[in-house]
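Heads up: take any position in the sequence shown, counting from 1, add 426, and you land on the working numbering.
Here a beta-carbon is modelled for each residue, glycine too, at the ideal position from N, C-alpha and C.
On a predicted model such as this, the values are computed, not experimentally measured, just so you know.
For reference, the structure discussed in these notes is given below.
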Amino acid sequence: MSPKDLKEFDFDFDFDFKYFDLYFILKRRIIMIDISNKWVLITGASRGIGRQISMAMAEKGCNLILHSRKKENTDAIKAELSSRKIKLLQVEAELSDIDQVRKLADEAQSLSGGLDILYNNAAIMTQYRADFYAAVEDEYVQSFKVNTIAPITLCNMIIPAMIKKGFGRVVNVTSGIKNEPQLMPYAASKAALDKYVYDMAPHLTGTGVLMNLMDPGWLRTDLGGPNAPNPVESVLPGALVPVLLDDGTCGKFFHAQDYRKD
427 MSPKDLKEFD
437 FDFDFDFKYF
447 DLYFILKRRI
457 IMIDISNKWV
467 LITGASRGIG
477 RQISMAMAEK
487 GCNLILHSRK
497 KENTDAIKAE
507 LSSRKIKLLQ
517 VEAELSDIDQ
527 VRKLADEAQS
537 LSGGLDILYN
547 NAAIMTQYRA
557 DFYAAVEDEY
567 VQSFKVNTIA
577 PITLCNMIIP
587 AMIKKGFGRV
597 VNVTSGIKNE
607 PQLMPYAASK
617 AALDKYVYDM
627 APHLTGTGVL
637 MNLMDPGWLR
647 TDLGGPNAPN
657 PVESVLPGAL
667 VPVLLDDGTC
677 GKFFHAQDYR
687 KD
């Protein structure tokens, strides 16, 4: 990465950055990269958190590869962003099918000529079981397929190419859920993803590739439900922090709600 790709700000400076008021929170000198024209794959992009991230990345000038189970699910975002001077591609894959996951990784790499940013956002939530000992095997199997194996497979297939070119940002969306065995299949699948990131991160030192975790908080989405305390919009700007910071942070757990300004 060349110096022209970096923008340096001090938290005292009044800079125009629509989604980023981090200087109020970080209270330190920070370096943020210019991600315009970078290629980003966002899984689960059609709604909720994925949609918010997609719109924000388009605002920053990124070229988007939007994933959903069916391509038509991202038609609305494509139409909304049609006036943007960015490239936008739609891909589909059922993330519980490992063959489709592998095809997604290959397709995204081929279409973009090499991904720069990966948001592993898509996830499924199993039913809330008051009798948590009654959780059935299939709930664990499906949770781990979508929430753990799919994102890890995408990482394993995409990160080596990022390392080769000396730049990459990987954000694995996780959960801060704890002490709720009623949702154990979901929680366990996210904990396994966390472990992958923590153990892999040291091996990315000096490669130019940063991989981190981002907990969006409990949001009013299809997954979070109507009783969640936070609107989906509150995931910004925190969801962008792991991508934009250029301080070498890798293997960290970011809480999106920590960066909320209201």
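For ASP641, the enclosing beta strand (DSSP E) stretches over residues 635 to 641. In the structure shown, ILE512 falls within a coil segment according to DSSP collapsed to helix, strand and coil. Taking C-beta separations shorter than 8 angstroms and ignoring five residues to either side along the sequence, the partners of GLN478 in its chain run VAL658, GLU659, VAL661, LEU662, ALA665, following chain order.
A distance below 9 angstroms separates the beta carbons of LEU636 and ARG595.
When rounded, the separation of the alpha-carbon atoms in VAL667 and ILE550 is 24 angstroms. In the structure shown, SER601 adopts coil according to DSSP, grouped into three states. At a Cβ-Cβ threshold of 9 angstroms, MET483 and VAL466 count as neighbours. No Cβ-Cβ contact shorter than 9 angstroms links ALA519 with PHE570. The C-beta of ILE524 has fewer than 16 other C-beta atoms within 10 Å across all chains shown, which makes the residue exposed. Between LYS504 and LYS591, the alpha-carbon positions lie close to 29 angstroms from each other. Per DSSP, TYR624 is not a residue of any beta strand (DSSP E); the alpha helix (DSSP H) it occupies stretches across 610 to 626. In this structure, the CA atom of TYR559 is about 9 angstroms from the CA atom of PRO607. DSSP, read as helix, strand or coil, puts ASN489 in strand. Secondary structure note for VAL667: it is in no beta strand (DSSP E), and the uninterrupted alpha helix (DSSP H) holding it is 667 to 670.
With respect to the C-alpha of LYS529, the residue from THR579, PHE679, ILE603 having the closest C-alpha is THR579. Distance from the CA of LEU670 to the CA of THR552, rounded to the nearest whole angstrom, comes to 32 angstroms. By the CB criterion at 9 angstroms, GLN516 and LEU492 fall inside the cutoff. In this structure GLY539 is exposed. Its beta-carbon is surrounded by fewer than 16 other beta-carbon atoms within 10 angstroms.
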